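Residue numbers (the numbering used here): 24 to 162.
Right under this line is the structure:
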């Protein structure tokens, strides 16, 4: 359990030349105690047979330490699993694994070249003479 003596904190604030008000100090200590005593646990999962969406996550917090894992189905058929832990000393650390076969589509098929016809020339003298734009003479 966190044990704190106000006189020690005030002395440390003087040494460090911290200019917090007692109200700021109180709220900071309260927040610190809350963060060190919070505990929770949750999990969820999705397995949608129509879309193929598969994923899950679980996480546990005990005071200042968070641990968990999540998984997600990759487009290649494998499953990515991430195990993680975080705390104030070690920061955030994750280990990523791939499980299952990785199935890739066959080699891409080159598309046939697109045939583009050149514009047909009608009449003589180009587009503004006889033919394409319909007139006789110039424009």
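Heads up, the beta-carbon is just placed ideally off N, CA and C, and yes, glycines get one too.
Being a predicted model, the structure only gives us computed values, none of them experimental.
(message) So if DSSP puts residue 49 in a beta bridge, which residue, or which two residues, is it bridged to?
(response) The count along the chain shown starts at 1 and reaches residue 49 at position 26. Residue 49 pairs with nothing; no bridge assigned.
(message) Determine whether the beta carbon atoms of residue 163 and residue 105 lie at a separation below 9 Å.
(response) No statement about residue 163 is possible, as the shown extent of the chain runs from 24 to 162 and does not include it.
(message) Can you list, in chain order, the residues of its chain with a C-beta nearer than 8 Å to that of residue 69? Leave out the 5 residues immediately preceding and following it.
(response) Translated into the one-based positions of the chain shown, residue 69 becomes position 46. Closer than 8 Å at Cβ, skipping near neighbours: 76, 77, 78 and 79.
(request) For residue 63, I'd like the list of residues in its chain whose CB is within less than 6 Å of its CB, leaving aside the five on either flank, ordered along the chain. (result) Reading the chain shown from its first residue, position 40 is the one you call residue 63. Cβ neighbours of residue 63 beyond the five flanking positions: 84.
(message) Measuring only the C-alpha atoms, how far is residue 58 from residue 89?
(response) The residue labelled residue 58 in the question sits at position 35 within the chain shown. The residue labelled residue 89 in the question sits at position 66 within the chain shown. The alpha-carbon atoms of residue 58 and residue 89 are separated by roughly 11 Å.
(request) Give the straight-line distance between the Cα atoms of residue 46 and residue 117, rounded to the nearest whole angstrom. (result) Here the question's residue 46 lines up with position 23 in the chain shown. Here the question's residue 117 lines up with position 94 in the chain shown. Distance between the alpha carbons of residue 46 and residue 117 is about 38 Å.
(request) Leaving out five residues on either side along the sequence, give the residues of the same chain with a beta carbon under 7 Å from the beta carbon of residue 97. (result) For the purposes of this step, residue 97 is taken as residue 74 along the chain shown, with counting starting at 1. Cβ within range, chain order: 103.
(request) Write down every uninterrupted run of the alpha helix (DSSP H) in the region 88-113 whose length is 4 residues or greater and which is fully enclosed by it, in chain order. (result) none
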